[in-house]
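Using the working numbering, the first residue of the sequence shown is number 1, and each one after it goes up by one.
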Amino acid sequence: MAASDLRGWVRARPRVLGILNVTPDSFSDGGRFFARDAALAQAEAMIADGVDMIDLGAESTRPGAAQVSAAEELDRLGPVLERLRHSSVPLSVDTSKPEVMREAIRLGVSMINDVRALRLPGALAVAANSGVSVCLMHMHGEPADMQGAPHYDDVVAEVTAFLLDRARACTDLGMPASSIAIDPGFGFGKTFLHNRMLLQALPQLARHGFPVLAGMSRKRMIGELTAAPSPRDRDAGSLAAHVMALDRGARMLRVHAVKPAVDAVNVWTGLFEGEMDT
Ligand code: HH2
């Protein structure tokens, strides 16, 4: 993948991003891949399963998660990035901190995935001067308080306006529009109803020409519908939601279980061949 052409990358077919959380406290796999060897083994397994990109995160953003410093994030990420930089799939880094972005870019990541859409001071400039792609996500509030009582007058209009505004901030600094993906941020300061409305309205979001990323893997909205309190029991439900997202124009899926998602994308692409509109 050319680091700055996400649009071309997803035109061939939708893409599967495998989640690799190098954290002790992520909501579904916290601690499992915190040790470097475990993280590398998981990356290899995802590559064998056909993943298109590995999204590495070193700070949990689950509701109420503790913040970590940039130094701690880099301590967790650095050794894994060093080892994976020459692997056969592109990498992205899930971070909001400009210091972490800068180092991850130096270590070869192709995309910055920021749940704060480059709003921390300095983040936009680092991304704009780097030549890598970005995924801009919508979050209402901060992880510490975002699920308190999120309120919107019109969730679809507000999320869309926010994402287009952040995309414009990027293009104003010279980033090519083709290097920008947008993501409504399922579960980030949203009730179940907000998530449902955003999923149903994905075609409106996709219409603006930026590849849309959907990240519902193992999230509470899936648990509520499948009566699965444990995130690890939510993969089939997540897959159903992600296929709905594909039908509604999403072109990047951020998932924990890679193989079923790759199979679903292959089936979806094969059955819709010639009908894709992106
Ligand atoms: N969700 C999570 C983290 N990063 N990035 C994007 N673009 N979209 C998402 O929906 C998204 C994201 C939360 O999931 P996870 O990484 O599994 O958990 P944690 O934040 O607890 O590490």
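No residue lacks a Cβ here, since even glycine has one placed at the ideal position from N, Cα and C.
DSSP beta-bridge partners of residue i
i, result
"Ala291", "The structure shown does not extend to residue 291, since the chain spans only 1 to 278, so no value can be given for it."
"Gly18", "Ile54 and Val255"
"Asn113", "Asp94 and Cys135"
"Asp183", "Met137"
Check: residue i C-beta below 6 Å from any heavy atom of the ligand HH2
i, result
"Ser179", "no"
"Ile182", "no"
"Arg62", "yes"
"Cys135", "yes"
"Arg254", "yes"
"Ile19", "yes"
"Val115", "yes"
"Ser230", "no"
"Asp233", "no"
"Asp52", "no"
"Asp154", "no"
"Val26", "At residue 26 the sequence reads Ser, which differs from the Val that was named. Indeed, a heavy atom of the ligand HH2 lies less than 6 Å from the Cβ."
"Gly141", "no"
"Gly215", "yes"
"Gly57", "yes"
"Asp145", "no"
"Asp75", "no"
"Asp165", "no"
"Asp49", "no"
"Asp94", "yes"
Other residues of its chain near residue i: CB distance less than 7 Å, five sequence neighbours each side excluded
i, result
"Thr160", "Gln204 and Leu205"
"Ala144", "Gly64"
"Gly187", "Asn195, Lys219, Arg220 and Met221"
"Val10", "Pro211, Arg251, Met252 and Thr278"
"Val16", "Val51, Asp52, Leu253, Val255, Val258, Ala261, Val262 and Val265"
"Pro98", "Leu120, Gly122, Ala123 and Val126"
"Asp165", "none"
"Glu224", "Phe192"
"Ser28", "Arg218, Pro231, Arg232 and His256"
"Phe34", "Val22, Thr23 and Pro24"
"Ser96", "Asp114, Val115, Arg116, Leu120 and Ala123"
Neighbourhood of residue i by C-beta distance below 6 Å, restricted to the same chain and skipping five residues each side
i, result
"Asn113", "Asp55, Ser92, Asp94 and Cys135"
"Asn266", "none"
"Trp268", "Leu246"
"Val155", "His194 and Met197"
"Arg85", "Leu107 and Gly108"
"Arg62", "Phe27"
"Gly185", "Met137, His138 and Met139"
"Ala12", "none"
"Gly18", "Met46, Val51, Ile54 and Val258"
"Met175", "Ala128"
Neighbourhood of residue i by C-beta distance below 8 Å, restricted to the same chain and skipping five residues each side
i, result
"Ala169", "Leu118 and Leu124"
"His242", "Ala214, Met216, Ser217, Ala250, Leu253, Val255, Ala261 and Ala264"
"Glu158", "Tyr152"
"Ser88", "Ile47"
"Pro79", "Arg36"
Within-7 Å CB hit, residue i to chain D
i, result
"Val51", "This model lacks chain D altogether; it includes just one protein chain."
Handout entry: Whole runs of the alpha helix (DSSP H) within the stretch 153–179, excluding any shorter than 4 residues
Key = 155–172
Handout entry: Segments assigned beta strand (DSSP E), at least 3 residues, entirely inside the stretch 29–75
Key = Residue ranges of uninterrupted beta strand (DSSP E) with 3 or more members, entirely inside the stretch 29–75 and ordered along the chain, are 53–57.
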